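**Student:** One structure is given below, represented as structure tokens, and several questions about it will come after.
Numbering (our numbering), first residue to last: 77 to 382.
Here is the structure:
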């Protein structure tokens, strides 16, 4: 009994060691749990900053695209009706047809005169817009002037022949007046046609200027859109990289959580193993005590029988 009392007094010592191990495990768990919430806000701050930067860049790119569309699309829509208003002159071809129908006898000669004037005006316009071909146009002008001089010489000879056929000077004067009236009418018709052609030329010049301005605007818009596309591609690359970094951080956080959980479970298992070892040691000691008692009882019984 004394041994049992001594053994029972010595048995609580391992419990204190188990308490120490429990306190150590709890301190480790507390340290891990304290470190986890410190890392979580840092990761959240990083994700928030990256998301805000991504939003700022995307808003800037969308604003640039809206500016490009507003500037160029609105300009084109505003300039469109002006073209129609400037080009709508339906009465001019009718006037040209009237002038042609009202032309007198010498139809071939009349058509020759305005065509030459029209060619002169067209060559003037081309000289303004194509300075490289000035030499060829000058040669054409010289050839046209020579043809005109030849035509005038033929007309003068025909006029002299008709005048020689007449006998009295009154008839010659009347023929000259008639010819003068015809030439005056031809000159008026040629002036009308020249005005019509000049209007057409100004319209064509305006159309050309408008098309050139639209072309330059389209080129500028294209360059801006290309630069915007480059920025979008760069932004997409940065987004992919930031997404990869964010995924890596999330995986790292998950790994840390799993390791901390595994460490906690491992500590619990170790604690349970220590407790079971203590119980097993107690049971072993009790079994040994019982075996010694049985031996003593058997010895006493044998001694009594003897």
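We put the CB at the ideal spot given by N, CA and C, even for glycine. Since this is a predicted model, take the numbers as computed values, not measurements.
Nearest-angstrom Cα distance between residue 359 and residue 330?
**Tutor:** One-based indexing of the chain shown puts residue 359 at position 283. One-based indexing of the chain shown puts residue 330 at position 254. Looking at the two C-alpha atoms, the distance is approximately 43 Å.
**Student:** In this structure, how does DSSP classify residue 341 when only helix, strand and coil are distinguished?
**Tutor:** Position 265 of the chain shown, counting from 1, holds the residue named residue 341. In this structure, residue 341 counts as helix in the three-state DSSP scheme.
**Student:** Residue 380 by DSSP, collapsed to three states: which one?
**Tutor:** Mapped onto the chain shown, residue 380 falls at position 304. Residue 380 falls in the helix class under three-state DSSP.
**Student:** Mind the definition here: the segment 259–272 touches the segment 281–291 only if three or more C-beta pairs lie below 8 Å; say whether that holds.
**Tutor:** Contact between the segment 259–272 and the segment 281–291 is absent, because fewer than three Cβ pairs lie under 8 Å.
**Student:** Is the CB-CB distance between residue 251 and residue 239 below 9 Å?
**Tutor:** In the chain shown, counting from the first residue as 1, residue 251 sits at position 175. In the chain shown, counting from the first residue as 1, residue 239 sits at position 163. Against a cut-off of 9 Å, the Cβ pair of residue 239 and residue 251 comes out as a contact.
**Student:** When you measure from the CB of residue 294 to every non-hydrogen atom of the ligand COA, does any distance come out below 8 Å?
**Tutor:** Ligands in the displayed structure: none, and consequently the ligand COA is not present.
**Student:** Spell out a yes or no on whether the segment 137–149 and the segment 317–327 are touching, meaning 3 or more CB-CB pairs, one atom from each, closer than 8 Å.
**Tutor:** The segment 137–149 vs the segment 317–327: no contact.
**Student:** So, helix, strand or coil for residue 364, using DSSP?
**Tutor:** For the purposes of this step, residue 364 is identified with residue 288 of the chain shown, where counting begins at 1. Correct three-state label for residue 364: helix.
**Student:** In angstroms with no decimal places, state the Cα-to-Cα distance between residue 136 and residue 307.
**Tutor:** Within the chain shown, the letter at position 60 stands for residue 136. Within the chain shown, the letter at position 231 stands for residue 307. If you take the alpha carbons of residue 136 and residue 307, they lie about 10 Å apart.
**Student:** Rounded to whole angstroms, how far is the Cβ of residue 304 from the Cβ of residue 140, which I believe are closer than 8 Å?
**Tutor:** Here residue 304 is taken as the residue at index 228 of the chain shown, counted from 1. Here residue 140 is taken as the residue at index 64 of the chain shown, counted from 1. Indeed, because the Cβ distance is near 6 Å, the residues count as touching under 8 Å.
**Student:** Give me the Cα-Cα distance between residue 259 and residue 232, rounded to the nearest whole angstrom.
**Tutor:** Numbered from 1 along the chain shown, position 183 holds the residue referred to as residue 259. Numbered from 1 along the chain shown, position 156 holds the residue referred to as residue 232. In a straight line, the C-alpha of residue 259 is about 13 Å away from that of residue 232.
**Student:** What's the call for residue 265, buried or exposed, on a 16-neighbour Cβ count within 10 Å?
**Tutor:** Here residue 265 is taken as the residue at index 189 of the chain shown, counted from 1. Residue 265 comes out buried.
**Student:** Would you check if the distance between the CB atom of residue 311 and the CB atom of residue 133 is smaller than 9 Å?
**Tutor:** Numbered from its first residue, the chain shown carries residue 311 at position 235. Numbered from its first residue, the chain shown carries residue 133 at position 57. Contact flag set, yes.
**Student:** CB-CB under 7 Å to residue 362, same chain, minus the five flanking residues each way: which ones, in chain order?
**Tutor:** Within the chain shown, numbered from 1, the residue matching residue 362 stands at position 286. None.
**Student:** To the nearest angstrom, how far is the alpha carbon of residue 369 from that of residue 354?
**Tutor:** Here the question's residue 369 lines up with position 293 in the chain shown. Here the question's residue 354 lines up with position 278 in the chain shown. Approximately 23 Å between the Cα atoms of the pair.
**Student:** For residue 299 and residue 280, what's the separation of their Cα atoms in angstroms?
**Tutor:** Residue 299 sits at position 223 when you count from the first residue of the chain shown. Residue 280 sits at position 204 when you count from the first residue of the chain shown. About 28 Å.
**Student:** Whole angstroms are fine: how far does the CA of residue 357 sit from the CA of residue 341?
**Tutor:** Position 265 of the chain shown, counted from the start, is the residue given in the question as residue 341. Position 281 of the chain shown, counted from the start, is the residue given in the question as residue 357. Approximately 24 Å, taken between the alpha carbons.
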